[in-house]
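Protein chains in written order, with our numbering: chain A, 111 to 295; chain B, 111 to 295; chain C, 111 to 295; chain D, 111 to 295.
Here a beta-carbon is modelled for each residue, glycine too, at the ideal position from N, C-alpha and C.
Each remark here refers to the structure printed beneath this line.
Protein chains: 4
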Amino acid sequence: MQKLNVKERIIETASHLFYFDGYNQTGINKIIEEAGVAKSSMYQHFRSKEDIAIVYLQRRHTAWSNNLLEFVSNKKNAVAKIAGSFDYLQEWLKEVEFRGCGFQNIITDLPKGQERITDQVRLHKNELLKWIDQLLAEEPKYKGNAKELANELMVLLEGAIILSQIQKDTWPIKAAKKAAEKILE
Amino acid sequence: MQKLNVKERIIETASHLFYFDGYNQTGINKIIEEAGVAKSSMYQHFRSKEDIAIVYLQRRHTAWSNNLLEFVSNKKNAVAKIAGSFDYLQEWLKEVEFRGCGFQNIITDLPKGQERITDQVRLHKNELLKWIDQLLAEEPKYKGNAKELANELMVLLEGAIILSQIQKDTWPIKAAKKAAEKILE
Amino acid sequence: MQKLNVKERIIETASHLFYFDGYNQTGINKIIEEAGVAKSSMYQHFRSKEDIAIVYLQRRHTAWSNNLLEFVSNKKNAVAKIAGSFDYLQEWLKEVEFRGCGFQNIITDLPKGQERITDQVRLHKNELLKWIDQLLAEEPKYKGNAKELANELMVLLEGAIILSQIQKDTWPIKAAKKAAEKILE
Amino acid sequence: MQKLNVKERIIETASHLFYFDGYNQTGINKIIEEAGVAKSSMYQHFRSKEDIAIVYLQRRHTAWSNNLLEFVSNKKNAVAKIAGSFDYLQEWLKEVEFRGCGFQNIITDLPKGQERITDQVRLHKNELLKWIDQLLAEEPKYKGNAKELANELMVLLEGAIILSQIQKDTWPIKAAKKAAEKILE
DNA sequence: AATGAATGAGCGTTCATTCAT
DNA sequence: GATGAATGAACGCTCATTCAT
């Protein structure tokens, strides 16, 4: 963490710690220490810890979404892309040792009145939902009830993530994928 | 919190705070203050904050499971009981203003090396899964693939809880219920 | 620690802990836990932690002195007995891994106003000094300056103990013995 | 304690308290209160209480050694310097009302696993021993057995300190000085 | 003679944030 | 744009002691 500029170093360090150690478990001191930055320099760039969290979530949203799109880019149709999404979950979650979703994880134990963070989480999930919805809407077969199906698939994705995190196992992802296939006939 | 004995008061107070404010957000000081107990009295009954969490989770498991069984007790068969489970989620989560699952919530931002808590969480989820599995196994129709279906339903339940918590809305529960019905034909 | 009566169990346990772990490092809770006794039972027998310390020191004085006398009992004269005293130090301190003198150790980091403990320590040292003094006074050769020589030997004994504790080695005891021999011609 | 900067104030205050009240008897709260410093300011400068102790001992070593050298600087030879050392003990210990040696005092009742402190103590004593050794080695008369004599004198110094602390009297120092003279002929 | 329950005060340490330069 | 110094509040936990039974 030495080549990048200060702000960037803070974001990268904090992001990694927030995700892997948890938001509450990550203190300001650890961030600045690992980033090799003075505390005041940090507060020059960010008003508060919450502010860093916002940037963390924004970047995570972009990166995660791009990775997903990339992962399913070679699939031909909506059904294949959605099936691929579960494969994506599996690859990702195994790699991070089932650390789960950074967005889910951050809302569950949050100091009161940090609405901006929860807003960011909702935004991320809504974008994902919209993507699925549009995917289905483009297929004649699902056009009539794309929204309904998207909601159901969304529940399966979220359930797969949190349950695999609890169980430290891929079976919930596999089960979710199978359920998704049934739902889409 | 005055009539009960000290230990009971601590458990009740802590349980409420752990669930509604979050485990990390709830300090020992808040617990003893609200319980009207001296700090040392608390440590006479519990070796650590983690120990209180264990009791909290054990009790929550019992209470939650009993409530579920009670809620679906008048349903005649497995399908009806499972459908009823989603209705139970809805009633419960609306009442707690979509605070989500105490077990899910506690694992996502936990100080390191608190395996006893994660064990307790897994125990709770495994019990629920077992219940669904047995329910289906008793029905001739699902006997052959009860385990597979139970896994899928479990994902739907978990997804419904976390997503309704994020969205502060019942739609994920409704979607999950509909998906469950499709899966069970 | 089960066969003895309560009071005895407390004394034995506390004595061992006070000596090997240190007086301040030994909490009441550890004593009662290891002794297998209720806290109130302990306070039935002893008004305070200081009171246990007094008994500990009294017993230690008796035991230690008896061991010394026993160790040098077969020596024929004052000089031999005094030389034997240094051998006794060596045997004892090696056995306790150079934990030093329980009396020296307890005075150096004591809560204020615990005069009864320091009195006990002085008593112990005065008894030892008196023994050396009398030993020498009985010998015609040293009769005239027994007190002076006793004081010097006493300093050597104390120095041997504390320095071997610091160095975790027997050399200070050996040096003290040699110095003692020189002093006694 | 107002003119100096924060770190210095902490060290000075802590040093005084550690020496005169004892290491265990001196809490962090007392240090910051007397130094007029916020608790967090203290932890900005020192990682732990143990760290303050290290600095305390390092400084004490330097000051104490310099005082000794200064005190005997006008003595012409080794014998005179060593005799002067006992006079130094007497002056010093009377002034501090026989509070004894800060290094001896801190090791006797130490929380477990604070090796850095005991290392510091041994360092101090080894330096003193080396000084005596070298002093004697320079004199033709003692050259052959400087090490042996130094060890014996060291025991006398340590014994003089601890025994005068117990007895609250100068007699052990005087006895030690006399014994030292005998040893050096 | 013995106990379980309860206590106030204090422990050493870390929190996220602000200040003057 | 960046820093070192400082802060009040809170953290989880342990201390020796006292109470009612």
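By a beta-carbon distance limit of 8 Å, residue 266 (chain A) contacts residue 286 (chain A). Their separation comes to about 4 Å. The beta-carbon of residue 218 (chain D) is placed less than 8 Å from the nearest beta-carbon of chain C. Less than 8 Å divides the Cβ of residue 142 (chain C) from the Cβ of residue 148 (chain C). Residue 268 (chain A) is not a Cβ neighbour of residue 224 (chain A), given a cutoff of 8 Å. Here residue 154 (chain A) is exposed, its C-beta having fewer than 16 other C-beta atoms within 10 Å.
The residues 212, 213, 216, 227, 230, 231 and 234, in chain order, have a CB closer than 8 Å to that of residue 167 (chain A) in the same chain once the five nearest residues on each side in sequence are set aside.
Residues of the segment 186–208 of chain A with a C-beta less than 7 Å from any C-beta of chain B: none at all. For residue 194 (chain C), the enclosing alpha helix (DSSP H) covers residues 188–205. In summary, residue 137 (chain A) is exposed, with fewer than 16 beta-carbon neighbours lying within 10 Å of its beta-carbon over all protein chains present.
At the C-beta level, residue 208 (chain A) and residue 290 (chain A) stay beyond 8 Å of one another. Counting only the Cα atoms, residue 118 (chain C) lies some 38 Å from residue 121 (chain B). Residues of the same chain with a CB within less than 7 Å of the CB of residue 272 (chain A), apart from the 5 flanking positions on each side, are 210 and 214 in chain order.
Per DSSP, residue 156 (chain D) lies in no alpha helix (DSSP H) segment and is marked neither H nor E. Secondary structure remark: continuous alpha helix (DSSP H) runs of at least 4 residues inside the segment 119–146 of chain B, in chain order: 138–145.
Neighbours of residue 140 (chain A) in chain B, taken as residues at a C-beta separation under 7 Å, are lacking, since the least C-beta distance is about 13 Å.
Between the alpha carbons of residue 255 (chain D) and residue 165 (chain C) lies a gap of roughly 45 Å.
Look at residue 183 (chain D) here: in three-state DSSP terms it is coil, with no helix or strand label. An exposed status is given to residue 250 (chain D), since fewer than 16 other beta-carbon atoms sit within 10 Å of its beta-carbon.
When 8 Å is used as the limit between beta carbons, residue 289 (chain C) is near these residues of chain D: 262, 265, 266, 289 and 293, in chain order.
The C-beta of residue 170 (chain D) has 16 or more other C-beta atoms within 10 Å across all chains shown, which makes the residue buried. Any Cβ of chain D closer than 8 Å to the Cβ of residue 281 (chain C) would place that residue at the interface, and such an atom is present. The C-beta separation of residue 219 (chain A) from residue 194 (chain B) comes to about 30 Å, leaving the pair out of contact by the 8 Å criterion.
Around the beta carbon of residue 275 (chain C), 16 or more other beta carbons lie within 10 angstroms, which makes this residue buried. For residue 233 (chain C), the nearest beta carbon of chain D is not closer than 8 Å to its own beta carbon. In the assembly as shown, residue 156 (chain C) is a buried residue. Its beta-carbon has 16 or more other beta-carbons within 10 Å. Secondary structure note for residue 282 (chain A): its alpha helix (DSSP H) is the uninterrupted segment 281–293.
With its beta carbon at least 8 Å from every one in chain B, residue 255 (chain A) lies outside the interface.
A Cβ-Cβ separation of about 7 Å places residue 128 (chain A) in contact with residue 163 (chain A) under the 8 Å criterion.
In the structure shown, residue 252 (chain D) falls within a coil segment according to DSSP collapsed to helix, strand and coil.
Contact between residue 261 (chain A) and residue 281 (chain B) holds, with the beta-carbon distance rounding to 6 Å and staying under 8 Å.
Judged by their CB atoms, residue 259 (chain A) and residue 203 (chain A) are not nearer to each other than the 8 Å cut-off. In the displayed model, residue 229 (chain A) falls within a helix according to three-state DSSP.
The three-state reading of DSSP puts residue 235 (chain C) in helix, counting H, G and I together. Among the residues facing chain C, residue 277 (chain D) is included, as its CB has a counterpart in that chain under 8 Å away. If you draw a straight line from the Cα of residue 126 (chain D) to the Cα of residue 192 (chain D), it is about 28 Å long.
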